[in-house]
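First the structure, in the form of structure tokens, and then the observations on it.
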Amino acid sequence: MFAKNSKAYSVYLLFRFVCSLAVSMSTVLSIVYHMEVVQLDAFQLVLVGTVQETSCFLFEMPTGVVADLYSRRRSVLIGM
Numbered sequence: 135m136f137a138k139n140s141k142a143y144s145v146y147l148l149f150r151f152v153c154s155l156a157v158s159m160s161t162v163l164s165i166v167y168h169m170e171v172v173q174l175d176a177f178q179l180v181l182v183g184t185v186q187e188t189s190c191f192l193f194e195m196p197t198g199v200v201a202d203l204y205s206r207r208r209s210v211l212i213g214m
């Protein structure tokens, strides 16, 4: 992909790190919010997470099929 010593590789690694950190922090904050403000217990949090991940999976499948059959551009437009 990139040469290990290139500037692009360093920027890519930094970008991946920052994005991963942001997603992790937002997930933790969301869980704390749902436990403290919404008063959900652990089982209800698992149910919410399961529904969220299932819906993401179900809605990503059709856009992947469209990307394979037609074009990536149409897939991105449908995904928006």
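In terms of the working numbering, the sequence shown is residues 135 to 214.
Glycine included, every Cβ here is placed at the ideal spot set by N, Cα and C.
Residue of V166, S205 and L148 minimising C-alpha distance to L179: Nearest to L179 by C-alpha distance, out of V166, S205 and L148, is V166.
Is it buried or exposed, S209, if we count other Cβ atoms within 10 angstroms and call 16 or more buried? So S209 ends up on the buried side.
Test item: CB-CB of V216 and L174 under 8 Å: Any question about residue 216 goes unanswered here, given that the chain covers just 135 to 214.
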